[in-house]
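For reference, the structure discussed in these notes is given below.
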Amino acid sequence: MSEYKRVDGRAYDEIRPVKAEVRVLKNADGSAIFELGNTKVIAAVYGPRELHSKHMASSYESLVRVRYHMVPFSTKDRKSQPFTRREIEISKVLKEALSASIRRELFPRSTIDIYIEVLNADGSTRVASLNAASLALADAGVFMYDLIAAVSVGKINGQLVVDLNEYEDQNSDSDIPIAFMPSLNKVVLLQMDGTMSLEEIRQALKMAKNAADKIYQVEKDCLKGSLESVLKVYGLL
Amino acid sequence: MSEYKRVDGRAYDEIRPVKAEVRVLKNADGSAIFELGNTKVIAAVYGPRELHSKHMASSYESLVRVRYHMVPFSTKDRKSQPFTRREIEISKVLKEALSASIRRELFPRSTIDIYIEVLNADGSTRVASLNAASLALADAGVFMYDLIAAVSVGKINGQLVVDLNEYEDQNSDSDIPIAFMPSLNKVVLLQMDGTMSLEEIRQALKMAKNAADKIYQVEKDCLKGSLESVLKVYGLL
Amino acid sequence: MSEYKRVDGRAYDEIRPVKAEVRVLKNADGSAIFELGNTKVIAAVYGPRELHSKHMASSYESLVRVRYHMVPFSTKDRKSQPFTRREIEISKVLKEALSASIRRELFPRSTIDIYIEVLNADGSTRVASLNAASLALADAGVFMYDLIAAVSVGKINGQLVVDLNEYEDQNSDSDIPIAFMPSLNKVVLLQMDGTMSLEEIRQALKMAKNAADKIYQVEKDCLKGSLESVLKVYGLL
Amino acid sequence: MDNIKYNVLIPKIRQKFILNTLKENKRIDNRSFYEYRALKIRYGHLPNADGSAEVSLGNTIVLAGVKVDITNPFPSEPDKGIIIVNAEFPPVASPDFEPGPPDENAIELARIVDRGLRKPEIVDLSSLCIVPGQKVYRIWIDIYALNHDGNMIDAAGIAAVVALMNTKYKKFTFVQDKGLVDTGEKAQLTLKNFPVYVTHVKIGDHILLDPVLEEESLADCKITTIVSEGNLITGIQKSGVGGISLDELEKIMQNSINLYQTIKENIQKEVSKNG
Amino acid sequence: MDNIKYNVLIPKIRQKFILNTLKENKRIDNRSFYEYRALKIRYGHLPNADGSAEVSLGNTIVLAGVKVDITNPFPSEPDKGIIIVNAEFPPVASPDFEPGPPDENAIELARIVDRGLRKPEIVDLSSLCIVPGQKVYRIWIDIYALNHDGNMIDAAGIAAVVALMNTKYKKFTFVQDKGLVDTGEKAQLTLKNFPVYVTHVKIGDHILLDPVLEEESLADCKITTIVSEGNLITGIQKSGVGGISLDELEKIMQNSINLYQTIKENIQKEVSKNG
Amino acid sequence: MDNIKYNVLIPKIRQKFILNTLKENKRIDNRSFYEYRALKIRYGHLPNADGSAEVSLGNTIVLAGVKVDITNPFPSEPDKGIIIVNAEFPPVASPDFEPGPPDENAIELARIVDRGLRKPEIVDLSSLCIVPGQKVYRIWIDIYALNHDGNMIDAAGIAAVVALMNTKYKKFTFVQDKGLVDTGEKAQLTLKNFPVYVTHVKIGDHILLDPVLEEESLADCKITTIVSEGNLITGIQKSGVGGISLDELEKIMQNSINLYQTIKENIQKEVSKNG
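These protein sequence lines map, in sequence, to chains A, B, C, D, E and F.
Note that our numbering numbers the first sequence so that position 126 is 242, with each residue one more than the last.
Note that our numbering numbers the second sequence so that position 76 is 192, with each residue one more than the last.
Note that our numbering numbers the third sequence so that position 20 is 136, with each residue one more than the last.
Note that our numbering numbers the fourth sequence so that position 66 is 452, with each residue one more than the last.
Note that our numbering numbers the fifth sequence so that position 88 is 474, with each residue one more than the last.
Note that our numbering numbers the sixth sequence so that position 100 is 486, with each residue one more than the last.
Printed below as a string of structure tokens:
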């Protein structure tokens, strides 16, 4: 093990300060903000709703569509392209992860649209997006098998660390974004780039699972807080 | 008041020579050329006709679509972009102005398509376009509340002038394109940029109304001439 | 007549080595590779099949669609544009030539899609494409009036030559791609650029017809070979 | 020619209710005709943006982000910086917005916001020149709708102005043989005036300030007046398919000028409160 | 793969009528088989274009505009100017044309017009070089359909040639240390030949010159022959889904050559008349 | 957001058949669970490409072409060449593919192939620098599907690596006052490792290697593990809408490492055989 120090002084297994809040946009059926330090993401859910183009609809489950997008001023250099190949690939893997968590068979012939905007990007945006989107789905009352808790883990100077920020992401030897349905012990998103041995990946996934469990708790607390404030409005709490 | 002299020697309240002619294109249901000096515009109306995409149609009124477009060789420097943001905004405000003049409730489930091509741009193209389009609508026999008469007014060197040409448009302190339904005393298009006091705007709108009344007369004469030539064909005049 | 020598030593009326093979792609209803020297083309036919957008379908004949496309690495300089104006024009004239050969009235309300990929371009790609596509149509069992046999003919240094390669195409005075339905004595594609007298064109077309007849024979042999190998599978030959 | 629906369809019975309420000189959210909705402003909260502001006007939320980079000046104005305003109505903001390039409504909004900044030259463009004819700063203002409940123009105008006010950018200097060199310092934009975008709608004979989405969708037309310090009007845009009389226009412009100080102070109060 | 309809659908009964008329050696507009429609030409009437022409061939109206600017030459031809031909079939010209980028018909037309100008080098491209390898004139020819009633190619060809004939452009010269300098003079393009685009259609066994839209839509195929001074053929394009025999092709090419002088003089007469 | 169908719809009765077959530890094409399909490789057969390879994996056929040109380096890496991977799923390859720009499946595939080449730096990018900060070689890898019968990633990975292995490009050198000069020699790319893309699918409790299209369409999820010499994992991608346990992942990664030598030797055998 090297003596790598993290730029922001965190312990290797320490995630950045998390902020989670639901019901932040009035028009959406569900919405959430999720922040990991300076990584700030907002997600809105519209649906389940009817599809305009019927021929895409499925008669036995809901179609899930996901658009992961970074606003032009969210990055160090202004992002000038409206929709990059990176955004298209990430939209696809987020769609597959979120689809795995939704009880789609309950909403046939409908679509669930999940729109994610990265407002400020400081690394780990795709996992922050999954957390925001999963909270927004819960806020919209969409039935799910479990909440998704996602986190990144990587290797820098031979050291495994969780929740990489932009600097660490740029300078890492390898990087693994991963998402769990924690109660079901299922992985719903997994990507990796860089170079690692199988043993290192094993350890990394263990660290990731621990960090994801913490995020899972934050998410549950956030939803509980939201529910309580609704109940208070109706004088039920 | 300054001693500003207009580049083309016109009086402050003088519009450029106007040429108006309808029924210039055989395929269109209605068409017109409208010229203000070297600003030359052609408009074609197709409709009321059935819409291909039914879901856009309205069951209680006609959908009006307007495409304002400058041909590539109409401007000082060749216009290379097929459709600019400026053209999109102008298409929108022209659509709204023309919609206000059409008795749309008489043509439910239909569309009226108005295509405008600026062939040579020497300032005031959007108001010339409105005049051309309104004549083309009349030529197509579309029922209207009133013809539209449109003109520009602006301030240069502190002096208010009507019907700005390209040079004046580029060098003006402010610029107001405005369109009237003269018999109804209604403004259907109004934009302004630059800086003016409320009192100056008041005066400018008064000048604009007078100039628009002259254009209104030209339009009515043009349509009368067109009608007479049709009646002559049938031996009725 | 000049003493022009062809760069690859061929006689003026000599076509390059031809390779033709059908049934090369499993998913397509019909497919073929056609090579003229280093010009290598692959064609796939899907259909007759139902059209998604019904409003384009015709109730008395099949719609034929053709996409002629060059892969990015098929040309000397990498082709960066996905679909050039040249490819659009060629797709159109190939579509018209192939349509002329198909008994479209036998497949109303359907579409026949013909996809052509130029894998390596060494001149005469459009005529090679027609030969590939016509073989692929035969392989798909689409009823035709006749196979198409296509070839190019051109003038270099005053000399008429057949089957121009890329170098000859770049350096020719004029260039004529032409396609025949040989048994019917019909021309289904003809283009020409450069400068020629009528007498020269007459001679050129004669040379083209002779060369096309050779290609026609290759095509028929190829299809016969394919049929025989099928019959062998079933023990019928 | 129009892929995003800016307005909503309102059922006939709801239309009647809204119009009846107006006849009693009331609005559906109990405001008076010339009353603004509650204004909330956050700014400078997005560290990757050089300037940023999030403005809530009732339930309408608009985000503006500023990025500054360096480019060549336009040949016609070799010693002036460049400002570009873009706007997007992304599908997060409304069930009727669809993914895709900005439609006519978003483009119109961007061009109206631009109009209030360009000809009156709110940003001192000459101060944005580094090497005349060669290198100038370019100010990108990106406006991003987050929740659409009417009157996006006024919210966007405030967001753009506040984002510009808190914009800090890397100061470069030109050094012979070295080219552009980062001085390590940050410069701040200076605004020469304080434009306020004031939008009224006309519904029948009623003139209403700061419409909610239902009011906007029902309106005959909508008039945005841009007002700057000194009782000056620095831009107007009429939109919507209805006509309006010169008298009504006069009333709206006069009212916009009258409201200027109040709205401006309201903005400044919010700015001094948050950040 | 085909978004604009160039041809129209003709009802069966109308088809029969047209075919029967042809059997009696007549055309629906009473022309003989090898007769051109009335030709009208205006040119130089659009001051912002460096050259312009509006050509009417019966009810078909096509506009061509020329703009000249300065650019870098292609590396393969460092001392030659550049010609670019574009064509658009905008929705003004036909109820079947739709807004959008040029479709296959417009692109084909532009490339046919281009073919008649490029390889025979009608415009002297060497005269368009300012600084070899560095700066050359670029000639943009934009063809714009205004009313589509068949045979747009011939009308477009005439419009392009006449617009080029009246093109005047600012003459620049290269001055050491100063770069390109406007001489204040205007130069005129010189054309090295006079190409004429001659289009026939084949309907059954009939060969017709200058088809109207109904004839074109009914035709088995359409052959455009480009003819230049000296009985030379400088381009051919067959289009349409039918086949044609070598004998018929021979007849069409021969006829195109025969017609060359008449059409050319007709164009020149119109040009000398108007302007 | 998804215009091309990568997977096919499988009738319920066929699904049942496939699942029942799996229960008997068999696959529909009689392979064992960890058995690759027959591999065929042609390469260097397209003379205009600087490197090329056509890979058949059963009925799946993928073509990769390499073109090398010269460009400016990225400012962040001034002394390194550039690699760009594109992929297209053209309509020749499947009745469900449509013409148009690459969809999410083609983009994902290109980015996975890229992942296996980029961070482990399979191609020595420093050797691709001609003038630091000014001129470097750019390697375009274009992947083109010809017939889609499942597991396009592994086939594309092999095609890309083999095409790179046989890439020869014109060697340029920088000469003072002359700029880049063609040396007349050809250089060959050197690869620093030999990545192998290994794809498994999970169907229920079964883990299968190298799925055919029907298996892939039925799968809960698909895991691609990129393995390089030295038992190193240099990339992972999970796709598909189902979840997977950490134990199953472990099994798949272990299996991928175990298979590495066999697959690599299989590729090398094919390469030495053909060309």
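Glycine residues also receive a C-beta, built at the ideal position from the N, C-alpha and C atoms.
How would you write the range of the beta strand (DSSP E) that Gly565(E) sits in, first residue to last?
Your numbering for residue 565(E) matches position 179 in the fifth sequence. Unbroken beta strand (DSSP E) run through Gly565(E): 565-574.
Quick check on this structure: which residue in Asp291(C), Ala295(C), Ser147(C) has the alpha carbon closest to the alpha carbon of Ala328(C)?
Here the question's residue 328(C) lines up with position 212 in the third sequence. Residue Ala295(C) is the option with its Cα nearest to Ala328(C).
Find the residues of chain B that neighbour Asn434(E), judging by a C-beta separation of less than 7 Å, and give them in chain order.
Against the fifth sequence, residue 434(E) aligns to sequence position 48. Near Asn434(E) (Cβ distances below 7 Å), the residues of chain B are Phe189, Ser190, Thr191, Lys192, Asn236, Ala237.
Which of the three DSSP states, helix, strand or coil, is assigned to Met387(F)?
In the sixth sequence, residue 387(F) corresponds to position 1, counting from 1. Confidence is the limiting factor: at Met387(F) the pLDDT is only 38, short of 50, which leaves the residue's position unreliable and the question unanswerable from this model.
Measuring alpha carbon to alpha carbon, tell me which of Phe259(A), Glu212(A), Lys192(A), Val346(A) ends up nearest Tyr283(A).
Start at 1 with the first residue of the first sequence, and residue 283(A) comes out as number 167. The residue with the shortest Cα to Cα distance from Tyr283(A) is Lys192(A).
Strictly by DSSP, which residues pair up with Cys607(D)?
Position 221 of the fourth sequence holds residue 607(D). For Cys607(D), which the question treats as bridged, DSSP gives the partners Lys588(D).
Apart from the five residues on each side of it in sequence, which residues of its chain come closer than 6 Å, Cβ to Cβ, to Asn552(D)?
The residue labelled residue 552(D) in the question sits at position 166 within the fourth sequence. Closer than 6 Å at Cβ, skipping near neighbours: Tyr429, Gly430, Gly437.
I'd like to know if the region 415-424 of chain F and the region 583-597 of chain F are in contact, where contact means that at least 3 CB-CB pairs between them fall below 8 Å.
Yes, since at least three Cβ pairs between the region 415-424 of chain F and the region 583-597 of chain F fall closer than 8 Å, the two stretches touch.
By a C-beta neighbour count over all protein chains shown, 10 Å radius and 16 as the cutoff for buried, is Gly125(C) buried or exposed?
Within the third sequence, the letter at position 9 stands for residue 125(C). With fewer than 16 Cβ atoms within 10 Å of its Cβ, Gly125(C) is classed as exposed.
Please list the segments of the beta strand (DSSP E) lying wholly inside the region 231-293 of chain B, counting only runs of 3 or more residues, in order along the chain.
Segments of the beta strand (DSSP E) lying fully in the region 231-293 of chain B: 265-272, 275-278.
Could you check what DSSP says for Thr559(D) in three-state terms: helix, strand or coil?
The count along the fourth sequence starts at 1 and reaches residue 559(D) at position 173. In this structure, Thr559(D) counts as strand in the three-state DSSP scheme.
Tell me whether Asn472(E) sits in a helix, a strand or coil according to DSSP, three-state version.
Position 86 of the fifth sequence, counting from 1, holds the residue named residue 472(E). Here Asn472(E) sits in strand by DSSP.
Pairing CB atoms from the region 481-500 of chain D with CB atoms from the region 238-256 of chain A, are three or more of them under 8 Å?
Verdict: no, contact absent.
Taking only three categories from DSSP, how would you classify Gly451(E)?
Here residue 451(E) is taken as the residue at index 65 of the fifth sequence, counted from 1. Correct three-state label for Gly451(E): strand.
Report the three-state DSSP secondary structure of Asn652(E) (helix, strand or coil).
Looking up residue 652(E) in the fifth sequence gives position 266. Reduced to three states, the DSSP call for Asn652(E) is helix.
Is there contact here, the region 395-402 of chain F with the region 618-630 of chain F, by at least three beta-carbon pairs under 8 Å?
No, the region 395-402 of chain F does not touch the region 618-630 of chain F.
How should Gly341(A) be labelled, buried or exposed, when 16 other C-beta atoms within 10 angstroms of its C-beta is the threshold for buried?
Counting from one through the first sequence, the residue named residue 341(A) turns up at place 225. Exposed, since its Cβ has fewer than 16 Cβ neighbours within 10 Å.
From Ala265(B) to Glu571(E), what distance separates their C-alpha atoms?
The count along the second sequence starts at 1 and reaches residue 265(B) at position 149. The count along the fifth sequence starts at 1 and reaches residue 571(E) at position 185. Each residue's Cα considered, the two are about 41 Å apart.
In chain E, what lies closer than 9 Å to Thr227(C) by C-beta?
Residue 227(C) sits at position 111 when you count from the first residue of the third sequence. Under the 9 Å cutoff, chain E gives no residues; its nearest Cβ is about 11 Å from Thr227(C).
Check each candidate in Leu395(E), Lys391(E), Lys409(E), Ile427(E) and name the one with the smallest Cα separation from Ser658(E).
Locating residue 658(E) in the fifth sequence gives position 272, where the first residue counts as 1. Looking at the Cα atoms, Ile427(E) is the closest of the given residues.
For His185(B), which option in Ala213(B), Gln197(B), Leu179(B) has the closest C-alpha, if you only look at C-alpha atoms?
Here the question's residue 185(B) lines up with position 69 in the second sequence. When each option's Cα is compared against that of His185(B), the closest is Gln197(B).
Provide the residue(s) that pair with Gly521(D) in DSSP beta bridges, ordered along the chain.
On the fourth sequence, residue 521(D) is found 135 positions in, with the first residue counted as 1. The residue you asked about is not Gly; residue 521(D) is Lys in the sequence shown. In the DSSP output, where bridge partners are listed per residue, Lys521(D) has Val517(D).
According to DSSP, is Gly502(E) part of a helix, a strand, or is it coil?
Residue mapping note: residue 502(E) aligns to position 116 of the fifth sequence, counting from 1. The answer is helix: DSSP assigns Gly502(E) an H, G or I state.
How about Arg139(B) and Asp255(B): do their beta carbons lie closer than 8 Å?
Here residue 139(B) refers to the residue found at position 23 of the second sequence. Here residue 255(B) refers to the residue found at position 139 of the second sequence. Contact flag set, yes.
Since Lys624(E) is in the beta strand (DSSP E), which residue starts that stretch and which ends it?
Looking up residue 624(E) in the fifth sequence gives position 238. Taken as a continuous stretch (DSSP letters only), the beta strand (DSSP E) holding Lys624(E) covers 618-625.
May I ask you to verify whether the region 596-612 of chain F touches the region 626-644 of chain F, counting CB pairs closer than 8 Å and requiring at least 3?
Touching, per the Cβ criterion.
Taking Cβ-Cβ distances shorter than 9 Å, what residues in chain E pair up with Lys195(C)?
Here residue 195(C) refers to the residue found at position 79 when the third sequence is read from its first residue. None at all; the shortest Cβ gap to chain E is about 16 Å.
Can you give me the C-alpha to C-alpha distance between Gln307(C) and Asp606(D), rounded to a whole angstrom?
Taking the third sequence and counting its residues from 1, one reaches residue 307(C) at position 191. Taking the fourth sequence and counting its residues from 1, one reaches residue 606(D) at position 220. Cα to Cα, the separation comes out at about 58 Å.
Using beta carbons (cut-off 8 Å, strictly below), is Ser662(E) in contact with chain B?
Outside the displayed span of chain E (387 to 661) sits residue 662(E), for which this structure offers no information.
Note down the Cα distance separating Asp415(F) from Leu408(F), rounded to an integer number of angstroms.
Residue mapping note: residue 415(F) aligns to position 29 of the sixth sequence, counting from 1. Residue mapping note: residue 408(F) aligns to position 22 of the sixth sequence, counting from 1. So the two alpha carbons sit approximately 11 Å from each other.
Based on DSSP bridge pairs, tell me the residues matched to Lys156(B).
Residue 156(B) sits at position 40 when you count from the first residue of the second sequence. Note: Lys156(B) sits in a beta bridge opposite Glu151(B), Asn236(B).
Give me the chain D residues within the contact set of Lys142(A), using Cβ-Cβ distance strictly less than 8 Å, ordered along the chain.
For the purposes of this step, residue 142(A) is taken as residue 26 along the first sequence, with counting starting at 1. Per Cβ cutoff of 8 Å: Asn445, Asn533, Asp535.
Are at least three pairs of beta-carbons, each pair with one atom in the region 577-593 of chain F and one in the region 497-511 of chain F, less than 8 Å apart?
Short answer: they touch.
Taking 8 Å as the CB-CB cut-off, is Lys330(B) touching chain D?
In the second sequence, counting from the first residue as 1, residue 330(B) sits at position 214. No - not a single Cβ of chain D is within 8 Å of the one on Lys330(B).
Is there at least one Cβ from chain A nearer than 8 Å to Asp596(D)'s Cβ?
The sequence position of residue 596(D) within the fourth sequence is 210, counting from 1. No, because no Cβ of chain A sits closer than 8 Å to the Cβ of Asp596(D).
By a C-beta neighbour count over all protein chains shown, 10 Å radius and 16 as the cutoff for buried, is Gly543(F) buried or exposed?
Numbered from its first residue, the sixth sequence carries residue 543(F) at position 157. Buried is the call here.
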